[in-house]
Amino acid sequence: MLKSMTGYGKGEAATLHGTFLVEIRSVNHRYGEISVRLPRLFYAFENEIKRQAAAVLKRGKIDISVQWDETSAASFAPQLDMAVARGYFDAYTRVAKELNLPQDAAPSFIMTQKGVMKEAAGAVDETELQPQLLEAVRTAVYALNEMRTVEGEALARDLQARRGQIADWSTQIGERTPLVVTEYQQKLKIRLEQLLDGADIDAGRLAQEVAFLADRSDVTEELVRLSSHFNQFDEALNSSEPVGRKLDFLMQEMNREVNTIGSKSNDAGITTLVIQIKAEMEKMREQVQNVE
């Protein structure tokens with residue numbers, strides 16, 4: 003099943019301490035590139051977040067944003083240990099007296115000493131929140147993947163229709179090629195009759211010229227390879243694996259065969275068909291750039 007590389011997904015997960023909001027956006031990219039923006043408190047989980055996304059999203063430039071909305075920061079304010087603070091104050095006072103220093107210790111100095119300020123019992127422990135964070139990530143990844151799948155189905159329908167049109171024009175080229183040789187033979191014979199003014203035409207020489215043109219303008223091999231590329235293209239469209247790069251390669255090969263057909267042809271009808279095919283293939287190539 004074809005998937006697009008563009009999309010958006012969102013996931014949320016609530017905890018006793020707050021709520022996670024995860025948003026994921028993806029755009030076209032030659033390879034798979036994942037970047038994560040999240041609060042400093044959860045930096046340790048960045049690699050796991052990337053692993054969760056990479057398990058589903060194989061290609062594209064993927065930006066993941068994690069927001070953390072704490073329920074009530076006031077309830078988790080640090081606690082002051084007055085006994086420890088008093089101990090630091092008494093110690094400072096004794097030192098100041100012995101060294102004949104000012105004895106008014108600043109409160110800010112006391113509060114920065116170890117043990118004076120203690121973390122509240124209800125403060126956030128980020129390790130306990132990891133399951134909820136990853137749940138929100140999985141939800142967002144799933145939503146993004148669903149959007150990419152829906153867009154991929156639309157891309158597949160468009161590519162199949164264009165591929166079918168190109169195949170029809172290729173068939174017309176195959177049908178037209180033998181007629182070009184026959185028409186050339188007839189025109190050459192008429193031209194020789196006019197030039198020779200009633201003299202006998204060298205049938206062998208005429209056959210040789212016609213054979214030369216037939217060989218030079220023969221596009222059977224190119225049409226056979228083009229047909230093979232069509233079949234591989236159809237198989238790729240129905241594959242469950244990411245096939246964007248394969249489709250891009252097939253488009254290059256198809257374009258090479260069509261260019262060769264155009265260079266071999268001296269027929270206006272075939273040239274017109276080649277131009278139509280190349281224009282349609284350019285549209286297909288642009289669409290393929292969106293495929294995962």
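Following the working numbering, the numbering of the sequence shown begins with 3 at its first residue and continues without gaps.
Ideal Cβ positions, reconstructed from N, Cα and C, are used throughout, including at glycine.
Assigned secondary structure, residue i (DSSP; H/G/I helix, E/B strand, else coil)
i, result
"L23", "strand"
"L4", "coil"
"E177", "helix"
"G34", "strand"
"A76", "Residue placement at A76 is flagged as unreliable, the pLDDT there being 44, under the threshold of 50; a coordinate-derived value is accordingly withheld."
"S28", "strand"
"V152", "helix"
"V143", "helix"
Run of the beta strand (DSSP E) containing residue i, from where it starts to where it stops
i, result
"Y10", "G9 to A16"
"R42", "Where R42 is concerned, there is no enclosing beta strand (DSSP E), given that its DSSP letter is neither H nor E."
"S67", "G62 to E72"
7 Å Cβ cutoff met for residue i and residue j
i, j, result
"A145", "V24", "no"
"A158", "L4", "yes"
"K52", "I26", "no"
"I272", "R178", "yes"
"H31", "G62", "yes"
"P244", "K120", "no"
"A15", "E137", "yes"
Expected contact under 8 Å - CB spacing of residue i and residue j to nearest Å
i, j, result
"L161", "Q289", "6 Å"
"K266", "V221", "6 Å"
Boundaries (first-last residue) of the alpha helix (DSSP H) holding residue i
i, result
"D236", "T222 to L239"
"D250", "G246 to K266"
"K99", "M84 to E100"
"K285", "A270 to V290"
"P109", "P109 to M113"
Exposed unless 16 or more other CB atoms sit within 10 angstroms - verdict on residue i
i, result
"M7", "buried"
"A93", "exposed"
"M286", "buried"
"D269", "buried"
"Q54", "buried"
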